[in-house]
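In the numbering used here, the protein residues as written are -8 to 247.
Okay, structure coming up:
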């Protein structure tokens, strides 16, 4: 993100990727919860409400609708609705699968195929906030589907860079499904504890979010590139910018 780009007020300041009267697109910082949780730490939703209130001098309560979520340790592109009408229309866009979400992740090892589709049945344990793969038909479990493509591998580091397209939005979905094929995410302390060390930052990033504008119907494209830090820097920046350009052109490079 350009250092001169518009940013939110307050701390942490966040890059604004898109904004009009209906929508606010931002680059989520890592380790900030999307919404209020048991930790009591400042959450993204309330931080952004306070930002809108300050930047626009709005009195009273500020409306901001949560359209999708990112796990606390994950950063990147996110969109919020500034009106209830926009929130309702975006929710329908998500339901009708016209809302595209593309992630990049660094995983241990190399997936068994250069690209593929993973379909699993996932069950969340609310008590432990963990998700497991279970047999189809398990009460309370939901189907999870994603497509992945290997973008590059580092033999020296035994790490691979993968592109992930979500078809469902289950909790911890990418982390659980990639671990299931023997490729846990770098830095994932929950599902890759055997491969990762305490203190490592999970390498999962929301690179692209695309959808038709809820009012104008024009395409909206949000792009957020991973930070210049290990392990992302094992691959050239051009890898991420080229993928983002492909996605903005309506292509994802996958043939599943």
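C-beta atoms are modelled at their ideal positions from N, C-alpha and C, and glycine is treated no differently. Computed from a predicted model, the values in this text were never measured in an experiment.
- Counted as a single uninterrupted DSSP element, the beta strand (DSSP E) harbouring residue 94 occupies residues 91 to 99.
- In terms of Cα proximity to residue 244, the closest of 3, 223, 224 and 107 is 107.
- Residue 200 sits in a strand when the DSSP states are folded into three classes.
- Here the region 74 to 81 does not lie against the region 126 to 146, with fewer than 3 beta-carbon pairs under 8 Å apart.
- Apart from sequence neighbours up to five positions away, the residues of its chain that approach residue 109 with a beta-carbon distance below 6 Å are 137 and 168, ordered along the chain.
- Close CB contacts of residue 145 within its chain, under the 7 Å cut and outside five residues either way in sequence, are with 225 (chain order).
- By the C-beta density criterion, residue 170 is buried, having at least 16 other C-beta atoms within 10 angstroms.
- Taking a contact as a CB-CB distance under 8 Å, the pair residue 19 and residue 61 counts as one, their CB atoms being some 6 Å apart.
- A straight line joining the alpha-carbon of residue 17 with that of residue 125 spans about 35 Å.
- A check of alpha carbon separations from residue 214 across 112, 150, 177 and 67 identifies 67 as the nearest.
- For residue 105, the closest of 152, 208, 127 and 6 by C-alpha to C-alpha distance is 152.
- The three-state secondary structure of residue 233, taken from DSSP, is helix.
- When the beta-carbon positions are compared, residue 99 and residue 182 stay at least 9 Å from each other.
- The three-state secondary structure of residue 9, taken from DSSP, is strand.
- With a beta-carbon spacing of about 27 Å, residue 201 and residue 150 fall beyond the 8 Å limit used to define contacts.
- Counting of Cβ neighbours within 10 angstroms places residue 118 among the exposed residues, the total staying below 16.
- A straight-line Cα-Cα distance of about 11 Å links residue 184 and residue 190.
- Distances from the CA of residue 141 to each of 163, 102, 175 and 233 were compared; the closest alpha carbon is that of 102.
- Between residue 166 and residue 175, the C-beta gap is smaller than 9 Å, which places the two residues in contact.
- Annotation for residue 169: no beta strand (DSSP E) segment contains it, though the alpha helix (DSSP H) segment containing it runs 164 to 171.
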